[in-house]
Every structure is written in structure tokens, then in C-alpha cells.
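Accompanying notes for the structure given below.
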Amino acid sequence: MKRIQMKNSNERTIVVAFEEFIKDCKVKNLSSRTIKYYNDYMVQFTKFLNTRQIVNTKEIKYQVVDDFILALKDSNVYKDITIL
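When we follow the working numbering, the leftmost residue of the sequence shown carries the number 7, and every step to the right adds one.
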């Protein structure tokens, strides 16, 4: 599976980075269902980041992502296969 990478490494807020990502998805003509899926997870991820007072993309480290994945698994709302 291809990894998602931002085109530009300038410091920006998570909201701005996500808006840029969604714009890129639309340019690539991804389906509206795929974009909705990304948006649904982004809402959850943003809430998680807010609990850690993380607002810029440069503050997101591997440990933060791992902790988010574990939080999703612990919530029992999502199946493991959906998360990864």
C-alpha cells in the first residue's frame, strides 16, 4: 500500500494540512466515499491530538500515531482490520 506523504514540509496546522490533503484527493479524482472515510478518521485523529495539545504537523511523531491506533483498538468501536 502506498504511504501518504505531504508534498511540502513547511510547518502548518493539522487543519490546513488536512485541507491540502483533501484537495489533493479531489484533484486525483478519488471517490466521495473515500474522501468521507478519510474525513471521518481525521475527526477522530483531531480529537485525539487535541487531548495532547498538538496543533502543528511537526509535532506528530510515530509514538503519537501508535498511541492513536491503540486508542482506536481499545475503544472497541472499530475492527482491527479497519484501523490498519
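From the three backbone atoms N, C-alpha and C, an ideal C-beta is built for every residue, glycine too.
These figures come from a predicted structure and were not determined experimentally.
Query: Proximal residues to Leu55 (C-beta, below 7 Å), its chain only, five neighbours per side dropped; Result: Ile20
Query: Beta bridge counterpart(s) of Asn62 as assigned by DSSP; Result: Thr19
Query: Local Cβ density within 10 Å of Leu78, reported as buried at 16 or more and exposed below that; Result: buried
Query: Validate contact between the region 68-75 and the region 42-59 using beta carbons, cut 8 Å, 3 pairs; Result: yes
Query: Whole-number beta carbon distance between Tyr44 and Cys31, since they are thought to touch under 8 Å; Result: 7 Å
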